[in-house]
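S.K.: Just so you know, the sequences run in chain order C and S.
First residue of the first sequence? That's 14 in the numbering used here, and the numbers climb one at a time after it.
First residue of the second sequence? That's 12 in the numbering used here, and the numbers climb one at a time after it.
Dropping the structure in here first, questions after.
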Amino acid sequence: MKRKRRTEILINGSEKLAAKLADEIISRYEVIQVEEPNDGLVMVKVRESAKRSLFYIGEVLVTECKVRIHDSAGIGIVAGHKEELAFHLAVIDAAYQARLKETKDWDKQLLEEEKAIKSERVKQMAHVMKTKVDFETMDIS
Amino acid sequence: MGYVAVKGGTRAIEESIKRLKYERLKNGTVLDVGQIEGGMRSLIDQVMSESSLYSPLLASLAIKQAEGSPEEAVFLLRAYRSTLPRKHYSRVAEPERMRVERRISASFKDIPGGQVLGATTDYTHRLLDFELMSETEEAVQRWLSDFYEDSFRSDEKVPSEYFPKVLDYLRKEGLMEICEIDDTEPDDVTKKSLKFPSSRSQRLQILTRGQTGAVTSLAYAVIRGYGTLHPTVGELRVGSLPVYIDDPVNESQEEEESYYIGDVKVSEAEMLVPVTVEKERGIEEVEFEVGYGICYGQNETKAIAMGILDNSLEQGEARYPTQDEEFVLYHIDSVESTGFISHLKMPHYVTFQSKLDSARKTKQTEKVREGQKDEITL
């Protein structure tokens with residue numbers, strides 16, 4: 014699974030999944046922490062729709078962590094102050110970079126988590142759609 | 012007279028800071044940061060937007076420390092932000108890809124996807140709810156449980172969280188210019204000071220981090236006559252905008268290999284402004300321009316006001332203060348304006364003494380002249 018989809022699932026889903034996958038790696042491989050989880054900023058670039066140009070809306074606080082497994086580097090970065098999650102994300106990222114065999118079995122778990130995220134969002138959206146206005150034309154004759 | 016340099020006040024300042032802490036704590040109430048984050052959504056959104064730093068947790072802490080003063084909380088966050096390293100720049104976030112939780116248009120009744128009110132105070136009676144005085148945790152849990160049960164039983168087909176842009180409708184009809192995508196790297200006012208004439212990216216950055224009240228007041232002035240616009244809300248949406256960064260190790264720009272870092276909640280307003288355009292052979296036609304507003308959090312008034320000021324500044328006629336970029340952009344920043352006004356409280360003994368000296372000298376000269384006049388009259 015590509016990184017974009019993977020990180021969406023791991024960040025939007027339960028933090029337990031990231032912890033579980035990372036633990037599988039930590040218990041079997043030497044994980045070297047290159048950069049401990051630390052706070053920093055990401056500047057967010059937005060496209061506006063009047064002239065379709067770019068500008069900066071502001072920064073987001075993030076926690077970032079870097080690890081190494083064998084010769085492969087992994088980065089974990091997540092909005093907010095979440096040291097543990099950043100570390101787990103970095104381990105998972107490095108595992109994919111190092112093409113460790115464990116990652117081959119992860120797709121199923123990730124897809125299941127994605128399904129749960131989607132189902133929760135459908136529920137949320139169903140509720141939001143209750144606030145959709147149902148216009149009635151008034152008889153003014 | 013001569014001036015004497017003085018120093019002092021260290022102890023008084025220490026005691027004053029202690030007294031400030033006493034004011035915060037004297038009732039014995041320990042305000043939990045989690046409670047602020049849970050219940051002060053609008054204030055947190057305002058503080059994050061004005062400080063230009065998205066972090067509900069830090070905003071809540073700043074609000075606690077500042078005892079609820081938005082200007083002080085913004086000051087604290089701006090100061091803290093300056094201590095953190097900027098690690099990355101995001102990929103371009105497209106508000107069109109926002110997961111919408113509220114989306115309305117004041118210009119068109121029937122819009123694809125419909126008018127979705129979401130959570131809004133717009134239709135509340137604004138009657139003070141005294142029942143909140145005795146709200147209990149049990150009652151809240153009961154209410155929530157009923158809410159979930161009632162809400163999530165829907166088995167109707169649920170539409171997508173993504174909504175088409177209302178204004179695409181006008182673009183398709185040819186009533187609005189279709190701009191080419193402009194990928195020029197934006198300027199950053201936090202890295203390089205603003206100079207005039209400003210770039211569009213600088214203007215939008217300053218507007219989005221502007222003080223809510225100042226941005227709103229100036230936009231109101233535009234409509235009241237200190238400008239030329241009377242816009243309508245083409246589309247207003249509130250929702251979550253996903254943020255991604257490119258792979259910094261391999262310097263890949265492939266979207267599928269980017270890192271998702273989380274969502275930011277934003278309010279976005281596209282303001283429709285009718286303009287008369289002269290076409291071939293002097294024929295005049297009405298077209299629409301868009302004023303663009305977006306800000307962190309649910310702060311719709313600010314997003315709309317920003318949209319109004321964006322279009323106003325694009326006009327750039329110096330006779331209207333609200334079209335004068337220096338007038339608008341130099342006065343709407345919270346830290347700059349409140350900082351300058353409140354610095355007037357700091358000791359100005361020397362400057363004031365020199366003014367006092369001048370005033371005394373003028374008075375003395377006048378007295379001498381009056382004395383001379385009296386002598387002549389005699």
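Note that the Cβ used here is the ideal one computed from N, Cα and C, for glycine as well.
Quick caveat: nothing in here was measured; it's all calculated off a predicted structure.
Near residue 86 of chain S, which residues of its chain fall below 6 Å by C-beta distance, leaving aside the five closest residues on each side in sequence?
M.R.: Indexing the second sequence from 1 puts residue 86 of chain S at position 75. These residues qualify, in order along the chain: 346.
S.K.: Which two residues bound the contiguous alpha helix (DSSP H) that contains residue 350 of chain S?
M.R.: One-based indexing of the second sequence puts residue 350 of chain S at position 339. That run of the alpha helix (DSSP H) goes 345-354.
S.K.: Quick one: using the 10 Å Cβ neighbour count with 16 as the cut-off for buried, is residue 351 of chain S buried or exposed?
M.R.: Counting from 1 along the second sequence, the entry for residue 351 of chain S is found at position 340. Label assigned to residue 351 of chain S: exposed.
S.K.: Name the chain C residues that come within less than 7 Å of residue 262 of chain S, Cβ to Cβ?
M.R.: Counting from 1 along the second sequence, the entry for residue 262 of chain S is found at position 251. By Cβ distance, chain C contributes nothing, its closest Cβ being about 13 Å from residue 262 of chain S, past 7 Å.
S.K.: For a quick check, are the C-beta atoms of residue 344 of chain S and residue 220 of chain S less than 8 Å apart?
M.R.: On the second sequence, residue 344 of chain S is found 333 positions in, with the first residue counted as 1. On the second sequence, residue 220 of chain S is found 209 positions in, with the first residue counted as 1. Taking 8 Å as the Cβ cut-off, residue 344 of chain S and residue 220 of chain S qualify as a contacting pair.
S.K.: Determine which residues share a DSSP beta bridge with residue 90 of chain C and list them.
M.R.: Position 77 of the first sequence holds residue 90 of chain C. DSSP links residue 90 of chain C through a beta bridge to C:77.
S.K.: For the 8 Å Cβ check, are there 3 or more pairs between the region 73-80 of chain S and the region 19-38 of chain C?
M.R.: no
S.K.: Would you give the residue range spanned by the beta strand (DSSP E) that residue 280 of chain S belongs to?
M.R.: Mapped onto the second sequence, residue 280 of chain S falls at position 269. Run containing residue 280 of chain S: 270-289, per the beta strand (DSSP E) assignment.
S.K.: Cβ of residue 308 of chain S less than 8 Å from any chain C Cβ?
M.R.: Reading the second sequence from its first residue, position 297 is the one you call residue 308 of chain S. Proximity of residue 308 of chain S to chain C, defined by a Cβ-Cβ separation below 8 Å, is not satisfied.
S.K.: Report the three-state DSSP secondary structure of residue 258 of chain S (helix, strand or coil).
M.R.: Here residue 258 of chain S corresponds to residue number 247 of the second sequence, with the count starting at 1. Looking at residue 258 of chain S - three-state DSSP - the assignment turns out to be strand.
S.K.: Give me the Cα-Cα distance between residue 70 of chain C and residue 57 of chain C, rounded to the nearest whole angstrom.
M.R.: Counting from one through the first sequence, the residue named residue 70 of chain C turns up at place 57. Counting from one through the first sequence, the residue named residue 57 of chain C turns up at place 44. Cα to Cα, the separation comes out at about 6 Å.
S.K.: For residue 230 of chain S, count neighbouring C-beta atoms within 10 Å of its own C-beta (all shown protein chains included) and say buried if the count is 16 or more, exposed if not.
M.R.: Here residue 230 of chain S corresponds to residue number 219 of the second sequence, with the count starting at 1. Using a 10 angstroms sphere on the CB of residue 230 of chain S, the tally of other CB atoms reaches 16 or more, which defines it as buried.
S.K.: For residue 195 of chain S versus residue 66 of chain C, is the C-beta distance shorter than 8 Å?
M.R.: Position 184 of the second sequence, counting from 1, holds the residue named residue 195 of chain S. Position 53 of the first sequence, counting from 1, holds the residue named residue 66 of chain C. For residue 195 of chain S and residue 66 of chain C, yes; Cβs fall inside 8 Å.
S.K.: Touch check for the region 145-153 of chain S and the region 119-135 of chain S: three-plus C-beta pairs under 8 Å?
M.R.: no
S.K.: Select from S:276, S:67, S:57 and S:322 the residue whose C-alpha is nearest the C-alpha of residue 239 of chain S.
M.R.: On the second sequence, residue 239 of chain S is found 228 positions in, with the first residue counted as 1. Selected option, being the one with the closest Cα: S:322.
S.K.: I think residue 97 of chain S touches residue 74 of chain C, with their Cβ atoms under 8 Å apart; what is that distance to the nearest whole Å?
M.R.: For the purposes of this step, residue 97 of chain S is taken as the residue at position 86 of the second sequence. For the purposes of this step, residue 74 of chain C is taken as the residue at position 61 of the first sequence. No, residue 97 of chain S and residue 74 of chain C are not in contact; Cβ-Cβ is about 11 Å, not under 8 Å.
S.K.: Among all the DSSP beta bridges, which residues are the ones paired with residue 401 of chain S?
M.R.: The structure shown does not extend to residue 401 of chain S, since chain S is modelled only from 12 to 389, so the question has no answer here.
S.K.: Does the CB of residue 161 of chain C have a neighbour CB from chain S at under 8 Å?
M.R.: Chain C is shown from 14 up to 154; residue 161 of chain C falls before or after that span and cannot be answered.
S.K.: Nearest CA to the CA of residue 209 of chain S: which residue from S:259, S:319, S:336 and S:260?
M.R.: The residue labelled residue 209 of chain S in the question sits at position 198 within the second sequence. The option with the nearest alpha carbon to residue 209 of chain S is S:336.
S.K.: Go through its chain and collect everything with a Cβ distance to residue 133 of chain S's Cβ below 7 Å, but skip five positions before and after it.
M.R.: Counting from one through the second sequence, the residue named residue 133 of chain S turns up at place 122. Excluding residues within five positions, none has a Cβ falling inside 7 Å.
S.K.: What residue ranges within the region 102-147 of chain S form continuous beta strand (DSSP E) runs of no fewer than 3 residues, ordered along the chain?
M.R.: Complete beta strand (DSSP E) runs here, min 3: 110-115.
S.K.: What separation, rounded to the nearest whole angstrom, lies between the Cα atoms of residue 280 of chain S and residue 116 of chain S?
M.R.: Residue mapping note: residue 280 of chain S aligns to position 269 of the second sequence, counting from 1. Residue mapping note: residue 116 of chain S aligns to position 105 of the second sequence, counting from 1. The alpha-carbon atoms of residue 280 of chain S and residue 116 of chain S are separated by roughly 10 Å.
S.K.: Around the C-beta of residue 248 of chain S, are 16 or more other C-beta atoms found within 10 angstroms, so that it is buried, or is it exposed?
M.R.: For the purposes of this step, residue 248 of chain S is taken as the residue at position 237 of the second sequence. Buried, since its Cβ has 16 or more Cβ neighbours within 10 Å.
S.K.: Would you check if there are 3 or more beta carbon pairs closer than 8 Å linking the region 180-188 of chain S to the region 262-272 of chain S?
M.R.: no
S.K.: Quick one: Cα of residue 161 of chain S to Cα of residue 137 of chain C, how far?
M.R.: What you label residue 161 of chain S is simply residue 150 of the second sequence in a count that begins at 1. What you label residue 137 of chain C is simply residue 124 of the first sequence in a count that begins at 1. Roughly 12 Å separates the two Cα atoms.
S.K.: Listing by chain order, which chain C residues have their CB less than 7 Å from the CB of residue 336 of chain S?
M.R.: Sequence index remark: in the second sequence, residue 336 of chain S carries index 325 (1-based). The CB of residue 336 of chain S never comes closer than 7 Å to any CB in chain C; the least such distance is about 15 Å.
S.K.: Output the distance between the C-alpha atoms of residue 107 of chain C and residue 88 of chain C, rounded to the nearest integer angstrom.
M.R.: As a working note, residue 107 of chain C is residue 94 in the first sequence. As a working note, residue 88 of chain C is residue 75 in the first sequence. If I take the Cα positions, the gap works out to 7 Å.
S.K.: Which residue's Cα is closest to the Cα of residue 317 of chain S: S:18, S:234, S:158 and S:91?
M.R.: For this step, residue 317 of chain S is matched to residue 306 along the second sequence. Ranking S:18, S:234, S:158 and S:91 by Cα distance to residue 317 of chain S puts S:234 first.
S.K.: Please state whether DSSP places residue 188 of chain S in a helix, a strand or coil.
M.R.: Sequence index remark: in the second sequence, residue 188 of chain S carries index 177 (1-based). Residue 188 of chain S: coil per DSSP, three-state reduction.
S.K.: Going by beta-carbon coordinates alone, are residue 309 of chain S and residue 278 of chain S separated by less than 8 Å?
M.R.: Mapped onto the second sequence, residue 309 of chain S falls at position 298. Mapped onto the second sequence, residue 278 of chain S falls at position 267. Yes. Within cutoff.
S.K.: With a threshold of 6 Å on Cβ separation, who are the neighbours of residue 48 of chain S within its own chain once the five nearest residues in sequence on each side are excluded?
M.R.: Within the second sequence, the letter at position 37 stands for residue 48 of chain S. Cβ within range, chain order: 67 and 71.
S.K.: Leaving out five residues before and five after residue 72 of chain C in sequence, what residues of the same chain have Cβ atoms less than 6 Å from its Cβ?
M.R.: One-based indexing of the first sequence puts residue 72 of chain C at position 59. Excluding sequence neighbours, residue 72 of chain C sits near 54 and 56.
S.K.: Which term fits residue 29 of chain S, buried or exposed, when burial requires 16 or more other beta carbons within 10 angstroms of its beta carbon?
M.R.: Residue numbering aside, residue 29 of chain S sits at position 18 when the second sequence is read from its first letter. With fewer than 16 Cβ atoms within 10 Å of its Cβ, residue 29 of chain S is classed as exposed.
S.K.: Chain S beta carbons: is any one of them nearer than 8 Å to that of residue 120 of chain C?
M.R.: As a first step, residue 120 of chain C is located in the first sequence; it is residue number 107 there, counting from the start. No, residue 120 of chain C lies away from the interface with chain S (no Cβ there is under 8 Å from its Cβ).
S.K.: For the 8 Å Cβ check, are there 3 or more pairs between the region 87-101 of chain C and the region 44-53 of chain C?
M.R.: yes
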